[in-house]
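In mature numbering (1 follows the signal peptide of the UniProt record, and there is no 0), the protein residues as written are -22 to -1, 1 to 203.
Glycine is no exception: its CB is placed at the ideal position from the N, C-alpha and C atoms.
This structure is a prediction, so every number in the text was calculated from the model and none was measured.
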């Protein structure tokens, strides 16, 4: 799956990035789209389907994958974007459950060096969650400066895996930063299957394995082995 993600993600960027805004389609999707770089972070933006949602009520959703180092384009093509990639047929098909049915979608490759985002020429030891959050904050503000028509829209930031750190960190940076005319209106955050604490997660594995839907006590199975 990882190889497929790399190949398909590369195809998306080759299709979308030659021009910041174009009408290229992967699966016949009707959403307007654009892709490019903001503060050297790669992004893919899908407009919501206006025909299915009141234009005045459309929120903006930013999706972040985890890792750290996983491209958010994986979310766009395997999870909640307008087009889904079928690994068996190696073709894209429309996703009837796309989040673009109800929101504008922004997928951002971050931190620097993730996916197709450019790598800053700085020592790796200087990287941490707070630095990544500040870089992402600048990218988000630049996006709303570019799309001033969305500035008053409610902003939600969602993510998975290591975004269990990324999502709350960027929320804090947005809330604590000096407000400008381009600052977004952050309304909420959500984390799915998030990595928030190695100690808490590791210490819960045994207990978690005992309470499952398979009616199997994995702890006893392990003891027998």
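DSSP beta-bridge partners of residue i
{"i": "residue 69", "result": "64"}
{"i": "residue 38", "result": "82 and 133"}
{"i": "residue 7", "result": "Its beta-bridge partners do not exist; DSSP assigns none."}
{"i": "residue 138", "result": "170"}
Buried or exposed (CB count within 10 angstroms, at least 16 for buried), residue i
{"i": "residue -5", "result": "Residue confidence for residue -5 is low, a pLDDT of 42 falling below 50, so the modelled location carries little weight; the figure read from the coordinates is stated next. Classification of residue -5: exposed, given that the 10 Å Cβ count is below 16."}
{"i": "residue 92", "result": "buried"}
{"i": "residue 26", "result": "buried"}
{"i": "residue 130", "result": "exposed"}
{"i": "residue 182", "result": "exposed"}
{"i": "residue 147", "result": "buried"}
{"i": "residue 51", "result": "buried"}
{"i": "residue 144", "result": "buried"}
{"i": "residue 24", "result": "buried"}
{"i": "residue 115", "result": "buried"}
{"i": "residue 21", "result": "buried"}
Residues near residue i by beta carbon distance below 8 Å, same chain, minus five either side
{"i": "residue 109", "result": "89"}
{"i": "residue 71", "result": "5, 61, 62 and 64"}
{"i": "residue 165", "result": "37, 132, 133 and 134"}
N- and C-terminal bounds of the beta strand (DSSP E) containing residue i
{"i": "residue 82", "result": "82 to 86"}
{"i": "residue 168", "result": "163 to 172"}
{"i": "residue 14", "result": "11 to 16"}
{"i": "residue 22", "result": "19 to 24"}
Among the options, the one whose alpha carbon lies nearest that of residue i
{"i": "residue 38", "options": "141, 187, 121 and 155", "result": "121"}
{"i": "residue 58", "options": "131, 168, 66 and 41", "result": "41"}
{"i": "residue 96", "options": "4, 16 and 25", "result": "16"}
{"i": "residue 163", "options": "174, 176, 170 and 149", "result": "149"}
{"i": "residue 119", "options": "153, 106, 68 and 107", "result": "153"}
{"i": "residue 48", "options": "135, 86 and 66", "result": "86"}
{"i": "residue 69", "options": "178, 20, 79 and 3", "result": "3"}
{"i": "residue 139", "options": "23, 176, 78 and 84", "result": "176"}
{"i": "residue 18", "options": "189, 94 and 166", "result": "94"}
{"i": "residue 44", "options": "124, 174 and 133", "result": "174"}
{"i": "residue 125", "options": "82, 166 and 135", "result": "82"}
{"i": "residue 79", "options": "35, 157 and 185", "result": "35"}
{"i": "residue 136", "options": "189, 13 and 84", "result": "84"}
Limits of the unbroken alpha helix (DSSP H) element including residue i
{"i": "residue 206", "result": "Residue 206 is absent from the structure shown; the chain starts at -22 and stops at 203."}
{"i": "residue 154", "result": "141 to 154"}
{"i": "residue 56", "result": "51 to 56"}
{"i": "residue 113", "result": "107 to 124"}
Proximity test, residue i beta-carbon vs the ligand SAH heavy atom, cut-off 8 Å
{"i": "residue 179", "result": "Summarising the ligand content, the structure contains no ligands, and the ligand SAH is consequently not present."}
Close-in-space but distant-in-sequence residues of the same chain around residue i (CB under 6 Å, 5 per side omitted)
{"i": "residue 172", "result": "142"}
Sequence-distant residues of the same chain with beta carbon closer than 7 Å to residue i, five excluded per side
{"i": "residue 112", "result": "151"}
{"i": "residue 73", "result": "59, 60, 61 and 62"}
is_contact[residue i, chain C] using C-beta, thresh 9 Å
{"i": "residue 130", "result": "Absent from the structure: chain C. Only one protein chain is present."}
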